[in-house]
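Asks:
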Amino acid sequence: MSYFVFHLLFVLPPILFLAWRQPQPLAGVGGRRATLGLPLIAIVAFIYTTPWDNYLVWRKVWNYGSDRVLGTIGYVPIEEYLFFILQCILTGLWLYWLLARQPKSNQQQAYPFLRVLLLVIGVSLSVVGFLMLRSPSTVYLGLILAWAAPVITLQWVIGAATLQAMQRILLIATVVPTLYLWIIDRIAIGDGIWQISEMYTTGIELFGLPIEEAIFFLVTNIMVVQGLLLLLLLKLPKIAAITSVD
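Each residue of the sequence shown is one higher than the one before, counting from 1 in UniProt numbering.
(1) Could you tell me the distance, in whole angstroms, from the CA atom of L38 to the CA atom of L228?
(2) Helix, strand or coil: which one does DSSP assign to A240?
(3) Quick one: give me the first and last residue of the alpha helix (DSSP H) that Y64 is part of.
(4) With DSSP as the reference, label T50 as helix, strand or coil.
(5) So, are the CB atoms of A45 and L95 less than 7 Å apart?
(6) Which residues mark the beginning and the end of the beta strand (DSSP E) in which I196 is found?
(7) Using C-beta distances below 7 Å, list every residue in its chain close to L86, excluding the 5 sequence neighbours before and after it, in chain order.
(8) To the nearest angstrom, how far is it from the Cα of F17 to the Cα of R134?
(9) Going straight from the alpha carbon of I183 to that of E213, what length do you get?
(10) For the alpha helix (DSSP H) that contains I215, what are its first and last residues?
Right, dumping it as structure tokens:
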């Protein structure tokens, strides 16, 4: 099976189904935020992930069968770039479908300690990620944490109250596509579409899937879901115009 056929069989069908089943107003809120949210998140993800993933392939953290891809741009297969976008669309459409069926939740203030706690956790994960780069067996895990934790931390700090109010939706919107992506990632690895380096991984597996891959899809879906929730629901503070009279 080629990487492109993998997309045709496992990634595009759920996207098309979710797109077909989207109720109106989009994401339960409609408007420009809902319409532009998905393409904006996909563009940001593409820009942020491209240099990181190129480094992974250059470092031989993961690789691909040359006979399984259409071609490469830099070090990365064309289909991999497509995956950056398709994952955002898949997870985003699932979130939109859930939001359209969710009773409106009133914005609330985050617990005073929550923002500080999340900041400490996020910074700690970032530091741990960089420290993991010192050992070959934790390089992949370290690169994931060092790359994802700062973004997730920023989302926590900016939108703690919004994310707290939507914690149930946040959980469901993250877990379901993550489980699905774990399954199809395991299929792709088993079929040899891509390979994960044994040198740069811990050897720990979750149902036959390298733990690093499992964490990767978890944190990327967290970033997508939280990013969309903040784009859709975060209430920007009103800035009062200040005029001075001489």
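For every residue, glycine included, the Cβ atom is placed at its ideal position computed from N, Cα and C.
Replies: Walking through what the data contain:
(1) In a straight line, the C-alpha of L38 is about 7 Å away from that of L228.
(2) Only weak support exists for where A240 lies, its pLDDT of 40 falling under 50; the value from the coordinates is given anyway. Coil at A240, not helix or strand.
(3) In the DSSP assignment, Y64 falls outside any alpha helix (DSSP H) and lies within the beta strand (DSSP E) extending over W62 to Y64.
(4) Of the three classes helix, strand and coil, the one that applies to T50 here is helix, per DSSP.
(5) For the 7 Å CB-CB criterion, A45 and L95 do not form a contact.
(6) Counting along the chain, the beta strand (DSSP E) containing I196 begins and ends at W194 to I196.
(7) The beta carbon of L86 is closer than 7 Å to those of H7, V11 and I15 in its chain, skipping five residues each way along the sequence.
(8) Take the alpha-carbon of F17 and the one of R134: they are about 44 Å apart.
(9) Between I183 and E213, the C-alpha separation is close to 11 Å.
(10) I211 to L233 is the extent of the alpha helix (DSSP H) around I215.
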